[in-house]
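A.B. asks: Protein chains in written order, with numbering that gives the first Met the number 0: chain A, 0 to 332; chain B, 0 to 332.
Number of protein chains: 2
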Amino acid sequence: MIEMLPVRGLPEVVQGDDLGTLIAEATELRDGDVVVVAQKIVSKAEGAVVRLPPGTDVAATRRRLAGEQSLRTVVDAPWALVVQTRHGLVCANAGIDASNTPEGTLVLLPDDPDASARRLRSRLRERTGADVAVVVSDTFGRPWRTGQTDVAIGVAGLPPIRDERGGVDRQGRRLEVTEVAVADEVSAAADLVRRKADGVPVVVVRGLAFEIDDAASSSALIRDAALDLFPRGRGMLGPALVEAADRGPAWSQPVTRSDLDRAVAAVDTWSGLPRGLRLAHLEGPAPTTIRVLGAGLRRRGVVAGVLTAVLVDLGYRARVRTTWRHVQVEAGR
Amino acid sequence: MIEMLPVRGLPEVVQGDDLGTLIAEATELRDGDVVVVAQKIVSKAEGAVVRLPPGTDVAATRRRLAGEQSLRTVVDAPWALVVQTRHGLVCANAGIDASNTPEGTLVLLPDDPDASARRLRSRLRERTGADVAVVVSDTFGRPWRTGQTDVAIGVAGLPPIRDERGGVDRQGRRLEVTEVAVADEVSAAADLVRRKADGVPVVVVRGLAFEIDDAASSSALIRDAALDLFPRGRGMLGPALVEAADRGPAWSQPVTRSDLDRAVAAVDTWSGLPRGLRLAHLEGPAPTTIRVLGAGLRRRGVVAGVLTAVLVDLGYRARVRTTWRHVQVEAGR
Chain A
0 MIEMLPVRGL
10 PEVVQGDDLG
20 TLIAEATELR
30 DGDVVVVAQK
40 IVSKAEGAVV
50 RLPPGTDVAA
60 TRRRLAGEQS
70 LRTVVDAPWA
80 LVVQTRHGLV
90 CANAGIDASN
100 TPEGTLVLLP
110 DDPDASARRL
120 RSRLRERTGA
130 DVAVVVSDTF
140 GRPWRTGQTD
150 VAIGVAGLPP
160 IRDERGGVDR
170 QGRRLEVTEV
180 AVADEVSAAA
190 DLVRRKADGV
200 PVVVVRGLAF
210 EIDDAASSSA
220 LIRDAALDLF
230 PRGRGMLGPA
240 LVEAADRGPA
250 WSQPVTRSDL
260 DRAVAAVDTW
270 SGLPRGLRLA
280 HLEGPAPTTI
290 RVLGAGLRRR
300 GVVAGVLTAV
310 LVDLGYRARV
320 RTTWRHVQVE
330 AGR
Chain B
0 MIEMLPVRGL
10 PEVVQGDDLG
20 TLIAEATELR
30 DGDVVVVAQK
40 IVSKAEGAVV
50 RLPPGTDVAA
60 TRRRLAGEQS
70 LRTVVDAPWA
80 LVVQTRHGLV
90 CANAGIDASN
100 TPEGTLVLLP
110 DDPDASARRL
120 RSRLRERTGA
130 DVAVVVSDTF
140 GRPWRTGQTD
150 VAIGVAGLPP
160 IRDERGGVDR
170 QGRRLEVTEV
180 AVADEVSAAA
190 DLVRRKADGV
200 PVVVVRGLAF
210 EIDDAASSSA
220 LIRDAALDLF
230 PRGRGMLGPA
240 LVEAADRGPA
250 WSQPVTRSDL
260 DRAVAAVDTW
270 SGLPRGLRLA
280 HLEGPAPTTI
290 RVLGAGLRRR
300 GVVAGVLTAV
310 LVDLGYRARV
320 RTTWRHVQVE
330 AGR
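1) From the DSSP output, in three-state form, read off Arg126 (chain A) for me.
2) What does the Cβ neighbour count give for Thr177 (chain B), buried or exposed, with the cut at 16 atoms within 10 Å?
3) Please list the residues of the segment 282-303 of chain A that have a C-beta atom closer than 7 Å to any C-beta atom in chain B, keeping them in chain order.
4) Starting from Ala336 (chain A), trace the beta strand (DSSP E) in both directions and tell me its first and last residue.
5) Let me check understanding here. Comparing Cα to Cα, which of A:Pro230, A:Leu51, A:Val305 lies closest to Gly271 (chain A)?
6) So within the segment 198-238 of chain B, which uninterrupted beta strand (DSSP E) runs reach at least 3 residues, ignoring any that extend past its ends?
7) Consider the Cβ of Leu105 (chain A): report whether some Cβ of chain B lies at a distance smaller than 8 Å.
8) So the alpha helix (DSSP H) Asp56 (chain A) belongs to, where does it begin and stop?
9) Measure from the alpha carbon of Ala265 (chain A) to the alpha carbon of each residue in A:His86, A:Phe229, A:Ala308, A:Val134, then state which is nearest.
10) List, in order along the chain, the chain A residues whose C-beta lies closer than 9 Å to that of Val309 (chain B)?
11) Given that Ile160 (chain A) touches chain B, what residues does it touch there, using C-beta distances under 8 Å?
12) To the nearest angstrom, report how far apart Thr20 (chain B) and Ser121 (chain B) are at their CA atoms.
13) I need the straight-line Cα distance from Met235 (chain A) to Val74 (chain A), nearest angstrom please.
14) With 9 Å as the limit, tell me which residues of the segment 174-190 of chain B have their beta carbon closer than that to any beta carbon of chain A; keep them in chain order.
15) Measuring alpha carbon to alpha carbon, tell me which of B:Val181, B:Cys90, B:Glu24, B:Asp111 ends up nearest Glu125 (chain B).
16) With a 10 Å radius around its C-beta and 16 neighbouring C-beta atoms as the bar for buried, classify Pro159 (chain A) as buried or exposed.
17) Identify, in the order they occur along the chain, each residue of the same chain with its Cβ nearer than 6 Å to the Cβ of Val48 (chain B), setting aside the five sequence neighbours on each side.
18) Is the CB of Ile211 (chain B) under 8 Å away from at least one CB in chain A?
19) State the Cα-Cα distance for the pair Gly314 (chain A) and Leu28 (chain A), rounded to the nearest angstrom.
20) Could you tell me which residues DSSP puts in a beta bridge with Ile40 (chain B)?
21) Among the candidates B:Val301, B:Ile221, B:Val89, whose CA atom is the shortest distance from the CA of His325 (chain A)?
22) Mapping the DSSP letters down to three states, classify Pro5 (chain A) as helix, strand or coil.
23) Mind checking which residues open and close the beta strand (DSSP E) that includes Val328 (chain A)?
24) Give me the DSSP bridge partner(s) of Thr148 (chain A).
25) Can you check whether the CB of Leu228 (chain B) is closer than 8 Å to the CB of Ala79 (chain A)?
26) Val254 (chain B) by DSSP, collapsed to three states: which one?
27) Excluding the 5 residues preceding and the 5 following Ser186 (chain A) in the sequence, name in chain order all residues of the same chain whose CB lies nearer than 7 Å to its CB.
28) For the segment 308-328 of chain A, which residues have a CB atom closer than 7 Å to at least one CB atom of chain B, in sequence order?
29) Taking the alpha helix (DSSP H) that Thr104 (chain B) falls in, what are its first and last residues?
30) Taking the beta carbon of Glu67 (chain B) as the centre, do at least 16 other beta carbons fall within 10 Å, making it buried, or is it exposed?
31) Find the nearest neighbour of Met0 (chain B) within the set A:Ala114, A:Ala188, A:Ile40, A:Asp130, judged by alpha-carbon distance.
32) Give me whichever residues DSSP pairs with Gln83 (chain B) in a beta bridge.
33) From this set, A:Leu310, A:Thr138, A:Glu329, which residue's C-alpha is nearest Ala239 (chain A)'s C-alpha?
34) Would the beta-carbon of Val41 (chain A) fall within 8 Å of that of Leu18 (chain A)?
35) Does the ligand COA have a heavy atom nearer than 7 Å to the CB of Arg222 (chain B)?
36) Have a look at Asp30 (chain A) and Leu191 (chain B) and give me their C-alpha separation to the nearest angstrom.
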C-alpha cells in the first residue's frame, strides 16, 4: 500500500525561509518517505522571484523572460509560448508562474532544482534523522491531452526512472519498452491530494518501493534531443528553416539512405511529376546532393524548395544551389 | 489522505471472464473508491486479442494493425509508429501490445474503453453494493521526457478533468490555466504500486475527493485538434504536404493575417532576398494568394515551394500556381 499524506499548516513561504525546518516541524517523516515539494515554494524560498514595477504588462514580461531563459522555442502560438528551458525542460512560458505569487511578481523556476532537492533532503535528515527522498514537482501541460499533470523537475535520493527493460513478462519474454517514469508518477500522485488554491505545497508519499540513490538526477527524465520525435510544434518550420540556413554549410554527415528515399518519395508524390526527381551524390561523405531534373525552371525551383523544407523537417540542414545548368539541394548534418 | 491498494490474487484473465466479479471477490470496495484497471485485462476479458499464425513477424504485424486501426499517423520512425487511434488517443503502435500476452497473440485496445469502464462499474455495484468509479489505464510514452506513465483511456463515474479555471488563487486572483487531468494522475498513481511483471492489474485508489459523475467520459482528456500544437512529429511534413495537396482546392477560409505575416517573414529571412516576396490578395475571402516577385524564375519557384511548406506546417492547405507571368502560392483552410 502507498499513502499520500498532505502536509498542512505550512506558513506562506518567503525568501530565505528554511524549507527543511518548516517541513520537518509540520510532519513526521520516516525512512523511505518521498517528500514531494511544489516548485513554487522552493523558488520563493530561494528568491527566484522577479518584482515588476506597477503598471507592468505581466503577460508580455513573462513572455520576454521565458524567451530569455530558454535554449530554444518549441512553439510560439498566440496563446502559448512553449520553450525548452536551460534545465532541458519543455514547458509553457519556461515555467514562469503568475498564480499564487505575491501581487506584481513572477516566480521563476529554481536555478538548479536537483540541487534544491538535495539541499532539502540533507536538511530533512538533519532535522528528523529520516532518510527520505525529495521530489520538486511542477505542473505541465501536455501535447494531445487536455489538463495538466505534475511532473518532477528535481529529484534527490529517488531514482527517477525504473528501468524494467532487462526484465521478463509473466510469459518469460523480454519486456520491450518499460522504463517507468517513477518520479513523474509520484509527482502526479501527490497532486491528487491538493488543489492549486488550497495551500498544500508539500505531500509525503509513503510506502513506495525504491532503493535510495544518492546520485539520482532529474536529467534522466529528459529525452535525448536526437531521439526526440517532437522537437517542434505547429508553425515552427519557418524558424527551423532560418536556423538551418544560419548554421551554414559545415556538414559532416550525409542524409541517410532511408531519409533520402522518404523525402524524395514524399516530394515526388506531392509534385505530381511522373519523373520529378533524380538523385546524384557528390563524391565524399557529405553533403548529399539531390539534383532536380524535369519540367521547367520554375517547377524545378518549386520542387527544390519543398524538398529543402522536407529535409529540414527530418532534422537536416539543407540549402538550394543553382547553376546555369542545374537546380539542386544540398543537405546533411 | 489517499491510499493506493494493490488488488492481489486475481487469476490470469481470459476471454469471457467476468472482471467485475473477479475484482469484487479479491478486494473490499467502499463508496467513493476509484478502481483502476489495466487496459490489458479489460481487452483480454473482452476478447480484443489477435492470434497470429506460427512464424508470423510480430513487429511487422503490429505495425500493420496499428496503421489499420488509426485515424492518422503522427510519427512514422523506424523505431516507433505513433498514431492517433479511432478513440482519439495518440500513442505508439495504436496501443497494441505484445508483452504480458499469450505467446503468438497481440492485444488490442478495448473497442470502447468508456463503455468497458461503465459496464465494470455497474457490475461492481451489483456485486458489492459500493458506488465506485472505474478508470481503465494504459501505459503511454511522452514527447520530450523519457519513461512512460499510465494515463486514463476509459472512465466511469470519475470526472476526468478538475476544472479550477473559475477559481481564485490565495491572493484572490483568477487561476489562469488550471485544468487538472485527475483521471491521468489517478492512473499514474496506481502504477506506482505495481511492476509490469508482477501481475497486479487492478489498484484501488481510496480517499480521493470527487463527486460521482454518471456522464463522465475519457473524451474530455483528448485535446481538440484545432488547438493541438503538436499534430505531427519530425519527418511528417512530407506526408502532410501530400495530404494537403490531396484535399484539393475547396478552401473556405483565408490565411489569417498573423499567420501570413509570420510565414512571409520566415521565408523572406530564409531566402535572403532583400525584397523577396510581395503579397496580393485575390478578391473574396479565400484562398489567400501570395505572389512571388523578384529574382529569377528558379529562385521564385524555390521561394514558392518553401512558402507552401511553411503554410502547410501552419495548418493550411497550400499549392503553387504558375502562369506565364507569375509564380504564386494559394492557401487557405
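The beta carbon of each residue, even a glycine, is placed where N, CA and C say it ideally should be.
C.D. replies: Answer, in terms of the structure:
1) helix
2) buried
3) Leu296, Arg297, Arg298, Arg299, Gly300, Val301, Val302, Ala303
4) Because residue 336 (chain A) is not part of the residues shown, which for chain A are 0 to 332, the question remains open.
5) A:Val305
6) 201-205
7) no
8) Careful: Asp56 (chain A) lies outside any alpha helix (DSSP H) and carries neither H nor E.
9) A:Ala308
10) Gly234, Leu236, Gly237, Leu240, Ala308
11) Thr145, Gly146
12) 11 Å
13) 6 Å
14) Leu174, Glu175, Val176, Thr177, Glu178, Val179, Ala180, Val181, Ala182, Asp183, Glu184, Val185, Ser186, Ala187, Ala188, Ala189, Asp190
15) B:Glu24
16) buried
17) Thr104, Val106
18) no
19) 48 Å
20) Paired residues: none, contrary to the question.
21) B:Val301
22) strand
23) 326-331
24) A:Phe139
25) yes
26) coil
27) Val35, Val134, Ser136, Asp149, Val150, Ala151
28) Ala308, Val309, Asp312, Leu313, Gly314, Val319, Thr321, Val326
29) Unbroken run through Thr104 (chain B) is the beta strand (DSSP E), 104-106; no alpha helix (DSSP H).
30) exposed
31) A:Ala188
32) B:Arg71, B:Val89
33) A:Leu310
34) yes
35) Although the ligand COA was asked about, the structure shown includes no ligands whatsoever.
36) 18 Å
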